[in-house]
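Trainee: In the working numbering, the protein residues as written are 77 to 328.
Please read through the structure below; I'll follow up with questions.
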C-alpha cells in the first residue's frame with residue numbers, strides 16, 4: 077500500500093508539472109506582461125539620468141555621448157544577451173568572453189580580402205564551439221559550469237595561438253570607419269545590428285514556440301521532456317546561439 081501511495085504521488089506530481097508546462101507553452105505568460113512596465117521604467121530612468129547630468133554637474137550630454145553608449149552596447153550588449161539566453165534555459169555559459177575574443181581574431185585573420193568572409197568564418201567557428209559544448213552538456217547530462225569553463229580555457233588558448241600571443245590589427249581601416257560611421261548622429265551599423273538582434277530575440281522568446289520551450293526547459297526540464305519538448309536539441313541550439321552572439325560582437 078505504501079509503494080502504491082508513493083507511485084500515485086509521483087504520478088500526480090508529474091501530471092501537475094505537465095499541466096503547468098502546457099499552460100506556459102500555449103498561452104501568454106502573465107509575468108512577461110509585468111516585465112514591460114519594468115523595462116519602460118528602466119528606460120525612462122536612464123533617459124532621466126542623462127537629462128539631469130547637466131543640472132547637477134558641469135558636464136553636458138551631447139549626441140556623441142549617446143553614440144558612445146550605443147557603441148558599447150553593440151559589444152557588451154550582445155555578449156550579455158548570449159549569456160542571458162543560456163541562463164533562461166537554466167544553464168550558464170562561462171565561455172562567452174573568450175568566444176568574443178576568438179570571434180574577433182578569426183574575423184581579422186580570415187577577412188583580409190573581404191570583411192564579410194571574416195565575419196562568416198567567425199560565425200562558423202562559433203557554431204562548432206556551440207555544438208561541441210551543447211552536445212557534451214545535453215548528451216552526457218553534464219553541468220554547464222565545468223564544461224563551459226573548460227571551453228573558456230580551450231577557446232582562449234586557441235585565440236592566443238592564432239594571434240601568436242599578440243594583438244592583431246585589421247589593416248583595412250575603412251571597414252572600421254564604415255561600421256562606426258554615425259547614423260542619425262547616435263547610431264552606427266554596429267549598434268543597429270545589435271538592436272535588431274535584441275528585437276528579434278525578444279519577439280522569439282515572447283511569441284514563438286521555440287522561445288516558450290526554452291523558458292520551459294529552464295523552469296522544469298523533467299516536465300518539458302514529458303511534454304515532448306526536444307530538450308537536448310534545444311540545449312545545443314541555446315549554446316550555439318550563445319557562441320554566435322559573442323562571436324558576432326567580437327567580429328564587428
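Backbone N, C-alpha and C fix where the C-beta goes; we use that ideal spot for every residue, glycine too.
1. Which same chain residues, not among the five before or five after residue 234, have their C-beta less than 8 Å away from its C-beta?
2. Could you give the C-beta distance for residue 176 and residue 326, rounded to a whole number, given that I count them as a contact under 8 Å?
3. Using a Cβ distance threshold of 8 Å, determine whether the segment 149-163 contacts the segment 264-275, with at least three qualifying pairs required.
4. Decide if residue 121 is buried, meaning its Cβ has at least 16 other Cβ atoms within 10 Å, or exposed.
5. So, with DSSP's three-state summary, where would you put residue 95?
6. Kindly indicate the opening and closing residues of the alpha helix (DSSP H) around residue 261.
7. Drop a sphere of 10 angstroms on the beta-carbon of residue 143, count the other beta-carbons inside from all chains shown, and report buried for 16 or more, exposed for fewer.
8. Note down the Cα distance separating residue 289 from residue 168, rounded to an integer number of angstroms.
9. From 301, 180, 310 and 172, pick the residue whose C-alpha is nearest to that of residue 225; which is it?
10. Can you have a look at residue 315 and say buried or exposed, based on whether 16 or more other CB atoms are within 10 angstroms of its CB?
11. Roughly how many angstroms separate the alpha carbons of residue 129 and residue 145, rounded to a whole number?
12. In whole angstroms, what separates the C-alpha of residue 297 from that of residue 217?
13. Quick one: residues in its chain with C-beta nearer than 7 Å to the C-beta of residue 251, no 5 flanking neighbours on either side, listed in chain order?
14. Closest to residue 270 by C-alpha separation, out of 322, 113, 125 and 292, would be which residue?
15. What residue does the alpha helix (DSSP H) around residue 201 start on, and which one ends it?
16. What's the gap between the Cα of residue 212 and the Cα of residue 206?
17. I'd like to know whether the C-beta atoms of residue 126 and residue 141 end up nearer to each other than 9 Å.
18. Distance check for residue 245 and residue 239, CA to CA, integer angstroms please.
19. Hey, out of 266, 306, 231 and 119, whose CA is closest to residue 151's CA?
20. Can you tell me the Cα-Cα spacing of residue 257 and residue 197, whole angstroms?
21. At what residues does the alpha helix (DSSP H) containing residue 246 begin and finish?
22. Closest to residue 230 by C-alpha separation, out of 299, 170 and 260, would be which residue?
23. Could you compute how far the alpha carbon of residue 114 sits from the alpha carbon of residue 284?
24. Residue 21 by DSSP, collapsed to three states: which one?
25. Assuming residue 262 contacts residue 166 (C-beta within less than 8 Å), just tell me the rounded distance between them.
26. So, at 6 Å on beta carbons, what are the nonlocal neighbours of residue 220 in its own chain, with the 5 sequence-adjacent residues on each side left out?
Mentor: Concretely, from the data shown:
1. 178
2. 4 Å
3. yes
4. exposed
5. Per-residue confidence for residue 95 stands at a pLDDT of 47, beneath the threshold of 50, marking its modelled position as unreliable; no derived number is given.
6. Taken as a continuous stretch (DSSP letters only), residue 261 belongs to no alpha helix (DSSP H), as it is neither H nor E.
7. buried
8. 17 Å
9. It is 172 whose Cα lies nearest to the Cα of residue 225.
10. buried
11. 15 Å
12. 12 Å
13. 191
14. By alpha-carbon distance to residue 270, the top candidate from 322, 113, 125 and 292 is 322.
15. 191-216
16. Counting only the Cα atoms, residue 206 lies some 10 Å from residue 212.
17. yes
18. 10 Å
19. 266
20. About 24 Å.
21. It is not in any alpha helix (DSSP H) - residue 246 carries neither H nor E in the DSSP assignment.
22. 170
23. 22 Å
24. Not covered by the structure: residue 21. The range shown for the chain is 77 to 328.
25. Rounded, the Cβ-Cβ distance is 36 Å, inconsistent with contact.
26. The residues are 167, 168 and 213.
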